[in-house]
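Here numbering that gives the first Met the number 0 is used: position 38 in the sequence shown is 37, and no number is missing along the way. Don't be surprised by glycine CBs; every beta carbon is placed ideally from N, CA and C. Here's the structure we're looking at; comments come further down.
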Amino acid sequence: MVIVIGRRYAHTTVATQILLNILLNEMIVVGSGFLPLFYGLGKFPGDVNFDTEGIEALKQNLKRTLEWHFAKKGVK
Numbered sequence: 000m001v002i003v004i005g006r007r008y009a010h011t012t013v014a015t016q017i018l019l020n021i022l023l024n025e026m027i028v029v030g031s032g033f034l035p036l037f038y039g040l041g042k043f044p045g046d047v048n049f050d051t052e053g054i055e056a057l058k059q060n061l062k063r064t065l066e067w068h069f070a071k072k073g074v075k
């Protein structure tokens, strides 16, 4: 799972580069249609906790990944 946390900009560039490196090494990527990106103002520690859309995307991505993993293992 790839999680990108940043302060201002270039989140998508970083996430894309990480994903491309994973694919270049022929690894399998399982998850939602987009990567969870977190945005924080960077003024105070914990600002990223207020990015509810990013947190929700992470929860959905993690849920799908775990469901896929457990389905492969035969666990319900």
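Nearest residue (CA-CA) to residue i, options the options
i	options	result
Val28	Leu65, Tyr8, Phe43 and Lys72	Leu65
Identified DSSP bridge partners for residue i
i	result
Leu36	Val3
Same chain, Cβ closer than 8 Å to residue i, five either side skipped, listed in chain order
i	result
Gly53	Pro35, Leu36, Phe37, Tyr38 and Val47
Contact set for residue i: own chain, Cβ-Cβ below 6 Å, skip 5 residues either direction
i	result
Pro44	none
His10	Val3 and Leu36
Ile17	Val1
Residue environment, residue i, which counts as buried when at least 16 other CB atoms sit within 10 Å
i	result
Ala56	buried
Asn20	exposed
Asn60	buried
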